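Reading the sequence shown from the start, the letters are residues 1 to 201 in full-length UniProt numbering.
All remarks here apply to the structure that follows.
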Amino acid sequence: MKLDPFYFIVDSAAWIERLVPLGVKLVQLRIKDMDEAGLRSEIRAAKVVCERHGCQLIVNDHWRLAIDEGCNFVHLGQEDLAEADVSAIRRAGLKLGLSTHDDAELDTALAATPDYVALGPVYPTILKAMKWTPQGLDRIATWKQRVGTVPLVAIGGLNVERIPGVFAQGADSAAVVTDITLNTDPEGRTRQWLAATAQWR
Numbered sequence: 001m002k003l004d005p006f007y008f009i010v011d012s013a014a015w016i017e018r019l020v021p022l023g024v025k026l027v028q029l030r031i032k033d034m035d036e037a038g039l040r041s042e043i044r045a046a047k048v049v050c051e052r053h054g055c056q057l058i059v060n061d062h063w064r065l066a067i068d069e070g071c072n073f074v075h076l077g078q079e080d081l082a083e084a085d086v087s088a089i090r091r092a093g094l095k096l097g098l099s100t101h102d103d104a105e106l107d108t109a110l111a112a113t114p115d116y117v118a119l120g121p122v123y124p125t126i127l128k129a130m131k132w133t134p135q136g137l138d139r140i141a142t143w144k145q146r147v148g149t150v151p152l153v154a155i156g157g158l159n160v161e162r163i164p165g166v167f168a169q170g171a172d173s174a175a176v177v178t179d180i181t182l183n184t185d186p187e188g189r190t191r192q193w194l195a196a197t198a199q200w201r
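Shown next as structure tokens:
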């Protein structure tokens with residue numbers, strides 16, 4: 001499986017409606033605190049936009065809803081993976097992406113035969129508090145050796161300027177959140193990301 005090199009992560013369907021039409025081909029909907037009805041509504045709205053624009057939608061955490069709503073990709077953190085029914089996810093035909101932060105988590109992830117593995121944080125990140133120190137670019141190369149042909153997503157503190165270093169170390173995709181969503185010109189920054197990742201597409 002090949003992932004688009006530009007992996008955009010957002011917390012609402014509104015962001016997807018706003019920026020996917022610019023040419024984004026891979027987006028994760030990551031909503032942490034919302035009731036089930038709200039989540040269903042967000043997933044449905046995001047799915048419509050992504051299908052219209054040929055964008056792959058990945059649902060974070062909420063694998064049961066992803067199955068119910070006919071999605072085809074889910075991303076799980078390690079805690080979510082421990083509680084998820086991976087067999088049910090696979091029976092439903094969903095692809096699976098997993099987060100990793102250290103060697104033990106990578107072992108756990110690979111045992112679940114994921115469709116991609118994410119490594120982070122590569123750089124310091126303001127998205128959420130983490131107990132792990134930044135991994136650095138060298139860890140990307142080490143992780144890529146271990147995962148082999150499984151696509152590797154680099155995440156954490158990435159911006160347009162850091163993209164070349166991430167891919168030089170073997171990452172298959174670069175994930176971004178705040179470099180776009182907190183930018184004064186999200187549309188302009190999205191276009192910069194699209195241009196900067198085009199050569200790896």
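A virtual CB, placed ideally from N, CA and C, is assigned to each residue, including glycine.
Please read all numbers here as calculations on a predicted model, not as lab measurements.
Quick check: the Cα distance between Q56 and A13, rounded to an integer number of angstroms?
Locating residue 56 in the sequence shown gives position 56, where the first residue counts as 1. Locating residue 13 in the sequence shown gives position 13, where the first residue counts as 1. Whole-angstrom Cα-Cα distance: 14 Å.
Could you tell me if P124 is buried or exposed, where buried requires 16 or more neighbouring beta carbons within 10 angstroms of its beta carbon?
Counted from its first residue, the sequence shown places residue 124 at position 124. P124 comes out exposed.
Please go through the stretch 89-128 and give each complete alpha helix (DSSP H) segment of 4 or more residues, from N-terminal end onward.
103-111
For A82 and Q145, what's the separation of their Cα atoms in angstroms?
Sequence index remark: in the sequence shown, residue 82 carries index 82 (1-based). Sequence index remark: in the sequence shown, residue 145 carries index 145 (1-based). C-alpha separation (whole angstroms): 25 Å.
Are there 16 or more other CB atoms within 10 angstroms of the CB of S87, so buried, or fewer, so exposed?
For the purposes of this step, residue 87 is taken as residue 87 along the sequence shown, with counting starting at 1. Counting every other CB atom within 10 Å of its CB across the protein chains shown gives S87 a total below 16, marking it as exposed.
In chain order, which continuous runs of the beta strand (DSSP E) of length 3 or greater are located wholly inside the stretch 45-77?
56-60 and 73-76
DSSP-derived helix/strand/coil call for L3:
Sequence index remark: in the sequence shown, residue 3 carries index 3 (1-based). DSSP places L3 in the coil class of the three-state scheme, outside both helix and strand.
Exposed or buried, what is A104 when buried is set at 16 or more other beta-carbons lying within 10 Å of its beta-carbon?
For the purposes of this step, residue 104 is taken as the residue at position 104 of the sequence shown. The residue is exposed, with fewer than 16 neighbouring Cβ atoms inside 10 Å.
Going by Cα to Cα distance, which pick from W193, L3 and G120 is closest to D179?
In the sequence shown, the residue the question calls residue 179 occupies position 179. With distances taken between Cα atoms, D179 lies closest to W193.
Beta-bridge pairing of S173 - partner residues as DSSP gives them
The residue labelled residue 173 in the question sits at position 173 within the sequence shown. DSSP lists V153 as partners of S173.
L158 to F73 span [Cα, whole Å]:
Counting from one through the sequence shown, the residue named residue 158 turns up at place 158. Counting from one through the sequence shown, the residue named residue 73 turns up at place 73. Going by the C-alpha atoms only, they are around 23 Å apart.
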